[in-house]
Structures are given as C-alpha cells and as structure tokens.
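Scroll down for the structure; my scribbles are underneath it.
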Amino acid sequence: MTVIICGAGIGGLCLGLSLQQLKIPFQIFEASGSIKPLGVGINLQPNAVRELYALGIKDGLSRIGIQTEEFGLFSKKGLEIWTEPRGLKAGYSVPQFSVHRGELQKLLYDTLIGRMKRNTVNLGMKATGYKNFKSSVQLQCINRNTNKLETFDGDALIACDGINSSIRKQLFPDEGEPLWNGAILWRGLALASPFRTDASMVMIGHDTQRFVSYPISKKNTDGNAKINWIAELKFNPEKPWSKSDWSKKVDKSKFLNSFLDWSFDWIDPLNLISETSSIYEYPMVDRDPLEKWTFERTTLLGDAAHPTYPVGSNGASQAIIDARKLAFHLQVTGTNEKALLNYEKEMLPLTTKITLANRDSGPDALLQVVEDRCAGSFNDVQEIISQNELEAHSQKYKSVAGLNIEKLNNSNSILSSFI
Ligand SMILES: Cc1cc2nc3c(=O)[nH]c(=O)nc-3n(C[C@H](O)[C@H](O)[C@H](O)COP(=O)(O)OP(=O)(O)OC[C@H]3O[C@@H](n4cnc5c(N)ncnc54)[C@H](O)[C@@H]3O)c2cc1C
C-alpha cells in the first residue's frame, strides 16, 4: 500500500523524493494545476541543505541559488549593530542557501518526475477531507478538471498542504484563521547591485518598521543580482486583515511613503522597492502550536503542522527536516500509526519552540533593544549594548533552532544509514 501525500510544496516534494530513495510507494495530490515558480526568496539553513544534497540536488541548488555568507542587523539609520558569518564561512560543513522559493519547488518537482512515473504527482487535485478506516486511510479530492469528487486509499496520509491545510481544518474545526500579529510584509525582487559580501542577509530597523534583504542569485556580467527584499510595517492587530495568500499582488503606494528616507550608502531600500514591478503582500501570521499532529493514520508536516512567522529562515528548512525525519520513521517502523507518532514525538517539541521563539522577535530581537536605547543613532554600538549582550542574543536563537555547528558537522544526513 501507499503513503498519500497531500500538497506538492517544499515539504510534500521532499517527502516524495525521500520515499523514492527508500523505495516506499507514495502518491502526491496537489491542488494547483501546474507547478509554477511562485513566491520570492527564502533561506535554507545548513541542516536542510545537507538533506537536499543527500536527495541529489546539489548541482541544481547551486544553479538556482547562492550560498549565504553573512547575516547582519542594522539600525533604522543603516548603522551596523551585529554581523556574523553564515554557512561555510561560519564553519558549517555545508552551506546556507538563499534561493527563489518557486524555483526550488520546481527543481524538486522536476527531479521527482525525472525519477518516477509522471502520474506519481497528481496536479489539479484539491483535497477536501479524509476518512480514517481500521487498516487504511482515504483522501478525498475535487478533481479541478472534471469538478468531480475522487477518493484515494493508502496506509498513511501526510498533510503537507500549507498554512491553510484542509486536513488540519478537519482535525481542528474550531481553530479558525491564522493568527495575525499586526505586521504586514511586502515582498519583492529587484535587479540591483548586491551589498557587503555580495551574499549577505541583512535586517534593518526595529519591531514596527523593518527592511530585510538578501541576494538570491550570483552577479550577472553587468554586476547586478536578483535582490530579494521584504518591507514590514506594524499596525493595530485588532484591525481586520486580508487572508494569508502568498500570491496577493499590491501596489507599492500602499507602503512606499514610510520608506522615503531609507536610503543608505551601502544599501538603498527605497530604490529596491521603487525598481520592483511585482510586489506581494502577506500578513505576519502563524498558528498556535498543537499538542498533537497524529490521528490514527493521518499526520501533519511543514506549515500544515507548525506555521511560523517567516523571520528566522525556518519555514522551508523545517519542512525539509520534517520530511526526512518522517521518511526515517516510516522506514524503521513501517507505514503505520506508530511511525507517525514517533515522527511527531521527535519533531513537535522542537518546532513548537521555534514558533514561540519567532513570536518573541526571532533572531532580530536586538533591533528593538537598540531602537529603545538610542532611536537607531550611535557612534559606537558598544556604548549602546555590550559585546556579551550581543553574543547572548545571537546564541539564544541558534540553540532553539537546532543550528549548533559542531553537532551538525559531526552528524550524517538523516537517511544515511539506509541509502
Ligand atoms: C504560492 C506560495 C508562495 C510562497 N512564497 C513564499 C515566500 O515568498 N517566502 C516565504 O518565506 N514563504 C513562502 N511560502 C511558504 C513556504 O513555501 C513555506 O513556509 C515552507 O516552504 C513550508 O513548506 P510546506 O511544504 O509546508 O508548505 P507550502 O510550501 O506552502 O506548500 C503547500 C502546498 O500544498 C498545496 N495545497 C494547499 N491546499 C491544498 C489542498 N487543499 N489540496 C492539495 N494541495 C493543497 C499548495 O498549493 C502548495 O503547493 C509560499 C507558499 C506558497 C504556497
């Protein structure tokens, strides 16, 4: 019998590729009629990159992305508060990557289709619910071509259908919409000259106004690269907000005025925003951590299980780790409830900690500390905040997110004992 995967996003496709490596039969059902390169930039932490390498897409990743070399925090005046090396430069044995989310999804999809029969991934199949039986589980989908309900039986059902998961909705009917913290993110890509190391990820500002940016490609011959940016403003969270749709396009006039004086000698946020033609709006939403993901033969994975604020480069990375860990337990225990429970036991506590740490300002909590102490202006940052305090902030988040360098370098990829 088969593992049924609902959703062909980053998590669902990584699970499919992992099960293919383990020769465990599976079928994927995806609501979209085609895999288009949707989204803008995302970051992949070294622990997730190691798993993608183990899936055999090292060359593909190098083709579509760029190795991140540095992470930095800057005040709203563009002044340096904290910088640290990332990926190989930080001593990890595998790099951190910045990449276009949709191109990564397409790379995973094309790789999977190249290794399997095309009908392993069923596009245009929108899941509407499921039924658990004694010795099987059934996914129900609307076929978007025929508009008819179709059902598919398997040993286990894995909901990888994102933050608005239909399976999660059936499991938790009273949960309602994702929770908004009042911040709106506008995201875009501009062709411009990269800054600092040419592979730096920077966060500028403070809790109520922020600009995050990093290149997701190497420089062209003209010196420009694809620069991913996110402009963020905080509003009253009591106000109504638009539903969390990753593909909602808006005009820059909605927020540009707030960034008119954000132009520094090393990066020009105003210009990056002005040069961008397609801008996407997304509310900063997550959901409360669950106490349980597994119900008989059904479990949740990635954003369906633990949607978190997109602030710590964890969304895609954690979906990849979930997929590999679940594949591990399916291989060890078989395609049964026990395997799903073992996966949940390993991953739920860790992802809960990440979700809660991201609510607590994630890796950039220092920005507001500096804003509170000097409104972003200083001659020497050490007069505002001590080196010890700076280092303590940085370490705190890394230990929660499981990004310990030695631990990662001294361990192998999750499925290494089977492949
Ligand atoms: C279109 C899109 C654009 C995104 N852009 C960004 C971005 O720019 N920056 C960022 O940080 N994160 C972005 N994300 C979210 C990011 O991809 C995830 O946080 C992360 O990769 C975790 O992956 P996931 O597989 O759990 O969820 P997702 O990557 O969200 O994948 C979920 C998949 O399930 C499918 N699906 C949804 N409902 C159903 C259903 N009822 N039946 C079947 N299939 C269903 C979706 O079409 C999608 O392919 C985007 C997600 C999407 C879907």
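For what it's worth, the numbering used here labels the leading residue of the sequence shown as 1106, then goes sequentially. C-beta atoms are modelled at their ideal positions from N, C-alpha and C, and glycine is treated no differently.
Can you tell me whether DSSP reads residue i as helix, strand or coil?
i            : result
residue 1150 : coil
residue 1199 : coil
residue 1179 : strand
residue 1331 : strand
residue 1227 : strand
residue 1192 : helix
residue 1438 : helix
residue 1432 : helix
residue 1160 : coil
residue 1184 : coil
residue 1493 : helix
residue 1527 : Since the displayed the chain opens at 1106 and closes at 1524, residue 1527 lies outside it and no answer follows.
residue 1236 : strand
residue 1427 : helix
residue 1544 : This structure leaves residue 1544 out entirely; the chain is present only between 1106 and 1524.
residue 1503 : helix
residue 1486 : helix
Taking residue i and residue j to be in contact with their CB atoms under 8 Å, please state how far apart those CB atoms are, rounded to whole angstroms.
i            : j            : result
residue 1047 : residue 1475 : Here the chain comprises residues numbered 1106 to 1524, so residue 1047 is not present and cannot be evaluated.
residue 1110 : residue 1263 : 5 Å
residue 1122 : residue 1184 : Actually they are not in contact, since the Cβ atoms of residue 1122 and residue 1184 sit about 43 Å apart, beyond 8 Å.
residue 1171 : residue 1323 : 6 Å
residue 1391 : residue 1278 : Going by Cβ atoms, the distance from residue 1391 to residue 1278 rounds to 19 Å, so no, they are not a contact pair.
residue 1229 : residue 1271 : Residue 1229 to residue 1271, Cβ: 15 Å. No contact.
residue 1205 : residue 1142 : 6 Å
residue 1525 : residue 1294 : The chain is shown only over 1106 to 1524; residue 1525 falls outside these bounds and no answer can be derived.
residue 1199 : residue 1135 : Incorrect: roughly 29 Å between the Cβ atoms, too far for contact.
residue 1406 : residue 1120 : 7 Å
residue 1354 : residue 1384 : 7 Å
residue 1258 : residue 1275 : With 8 Å as the limit, residue 1258 and residue 1275 do not qualify as a contact, their Cβ atoms being about 17 Å apart.
residue 1401 : residue 1442 : 6 Å
residue 1146 : residue 1387 : So it is not a contact: roughly 13 Å between Cβ atoms.
residue 1377 : residue 1331 : No, residue 1377 and residue 1331 are not in contact; Cβ-Cβ is about 11 Å, not under 8 Å.
residue 1432 : residue 1265 : Wrong, their Cβ atoms sit about 12 Å apart, outside the cutoff.
residue 1364 : residue 1375 : 5 Å
residue 1460 : residue 1394 : 5 Å
Under DSSP, the alpha helix (DSSP H) around residue i begins and ends at which residues?
i            : result
residue 1116 : 1115–1127
residue 1454 : 1442–1464
Would you give the residue range spanned by the beta strand (DSSP E) that residue i belongs to?
i            : result
residue 1172 : 1170–1173
residue 1218 : Note, residue 1218: premise wrong, no beta strand (DSSP E); alpha helix (DSSP H) at 1206–1220.
residue 1473 : Element bounds for residue 1473: not the beta strand (DSSP E) but the alpha helix (DSSP H), 1470–1479.
residue 1513 : Per DSSP, residue 1513 belongs to no beta strand (DSSP E); it is in the alpha helix (DSSP H), 1510–1514.
residue 1539 : What is shown of the chain runs 1106 to 1524, which leaves residue 1539 out entirely.
residue 1533 : The first residue shown for the chain is 1106 and the last is 1524, placing residue 1533 beyond what the model contains.
residue 1134 : 1131–1134
Is it the case that the CB of residue i approaches a heavy atom of ligand 2 more closely than 7 Å?
i            : result
residue 1136 : Ligand 2 is absent from the structure shown, which contains only ligand 1.
Counting only runs of 4+ residues fully inside the segment 1340–1425, write out the alpha helix (DSSP H) ranges in chain order. Taken in chain order, the complete alpha helix (DSSP H) segments of 4 residues or longer contained in the segment 1340–1425 are 1374–1379.
What ranges does the alpha helix (DSSP H) occupy inside the segment 1250–1319, keeping only unbroken runs of at least 4 residues that lie completely in it? Runs of the alpha helix (DSSP H) spanning 4 or more residues and lying entirely within the segment 1250–1319 occur at 1271–1276, in chain order.
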